[in-house]
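For reference, the structure discussed in these notes is given below.
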Amino acid sequence: MLVLWFAMLSGLAQGEARDVHKYFFDQKLGDFKSDLANAKKEGKRGILLMFEQEDCPWCYRMKTTILNQSEVQDYFKKHFQIYHMDIKGDVTMVDFKGRETTEKKYSEENRVRATPVFGFIDLEGNMVFRFTGVAKDVNEFLLVGRYVVEGAYKTQSFPVYKQHAK
């Protein structure tokens, strides 16, 4: 009975759950400089990188409770190209400056040690905001997106923005 009650409450709190790899992440081509040019052409605000690692319970939680929600997917896809990056990965890639590197080296250069980390990259290729860890819920993660999209990161910290957000 308790399980049924919890399932009903969970369903009320969430929108439509959709496959995170199909509806949230874009297909990685391995050339972020080129991806950035595409983001500009498409009128996006930038690129969102989810730094993760295999068997990360917090990454799994984000993917199965927040990133899989249609409201989150629709909002972030409207404003960003979105990619995931394995912080221990040996996959070769081109960074935003056009340098060849690996996912692991790029993660190290950006001092990503814990996962998940959501790095917001502006249209110039600069990481302008990082959100580390698990969002409390869908609303908090949407607030993170609004914080970047509205440019509030330029004038105030996220905790201050969050405190004054409605």
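Take any residue in the sequence shown, note its place counting from 1, add 234, and you have its number in our numbering. Heads up, the beta-carbon is just placed ideally off N, CA and C, and yes, glycines get one too. None of these values were measured; they are calculated from a predicted model.
Cβ pair Y309, D260 closer than 8 Å: no
Just verifying my parser: in three-state terms, what is the DSSP assignment at R295? helix
Below 8 Å on the Cβ atoms is my contact criterion, and I expect F375 with I300 to pass it. Report the Cβ-Cβ distance as a whole number of Å. 5 Å
Give the straight-line distance between the Cα atoms of Q315 and F285, rounded to the nearest whole angstrom. 14 Å
Please look up how many angstroms separate the CB atoms of D320 and E337, rounded, as I've assumed it's under 8 Å. 5 Å
Can you tell me where the beta strand (DSSP E) with G379 in it begins and where it stops? Here G379 belongs to no beta strand (DSSP E); instead the alpha helix (DSSP H) covers 372-383.
Can you tell me which of G359, V254, S391 puts its alpha carbon nearest to the alpha carbon of S197? The first residue shown for the chain is 235 and the last is 400, placing residue 197 beyond what the model contains.
Assigned secondary structure, F330 (DSSP; H/G/I helix, E/B strand, else coil): coil
Quick check on this structure: which residue in H255, L282, K256, G249 has the alpha carbon closest to the alpha carbon of L357? L282
Given that a residue counts as buried once 16 or more other Cβ atoms are within 10 Å of its Cβ, and exposed if not, what is G353? buried
Decide if P393 is buried, meaning its Cβ has at least 16 other Cβ atoms within 10 Å, or exposed. exposed
State the Cα-Cα distance for the pair Q307 and H313, rounded to the nearest angstrom. 10 Å
Range covered by the beta strand (DSSP E) that runs through F259: No beta strand (DSSP E) contains F259, which DSSP labels as neither H nor E.
On the criterion of 16 or more Cβ atoms from any shown chain inside 10 Å, does R345 qualify as buried, or is it exposed? exposed
So, at 8 Å on beta carbons, what are the nonlocal neighbours of N272 in its own chain, with the 5 sequence-adjacent residues on each side left out? Q315
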